[in-house]
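For reference, the structure is listed below as structure tokens.
In the UniProt record's numbering, the protein residues as written are 1 to 88.
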């Protein structure tokens with residue numbers, strides 16, 4: 001048979017391990033949640049930047065007086081090439 005002291009030590013070690021595991025899991029989960037929030041924030045910022053860039057390109061294309069239709073009599077290839085070179 002096992003003495004009472006050994007049982008107390010066993011259950012104390014078990015209880016301590018369970019409490020430590022619970023605490024450690026909580027800290028790891030908090031770190032993971034923080035990283036998840038930061039990732040979502042950076043992702044949203046990137047999408048906003050891409051949308052702004054697309055809107056800027058769209059408005060720049062609408063505001064330019066360059067005619068890109070080769071069938072149009074006012075079409076000027078040199079202006080189109082300069083515009084594409086400037087955009088690159």
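Each residue gets a CB set at the ideal place from its N, CA and C atoms; glycine is no exception.
For residue 80, the nearest candidate out of 87, 66, 73 (CA to CA): What you label residue 80 is simply residue 80 of the chain shown in a count that begins at 1. When the alpha-carbon of residue 80 is set against those of 87, 66, 73, the nearest one is in 66.
Looking at the C-beta of residue 20, does it have a partner C-beta in chain C at a distance below 8 Å? Considering every chain present, this structure includes no chain C. It has just one protein chain.
Residue 78, enclosing alpha helix (DSSP H) - first and last residue: Mapped onto the chain shown, residue 78 falls at position 78. Boundaries of the alpha helix (DSSP H) harbouring residue 78: 77-87, taken from the DSSP string.
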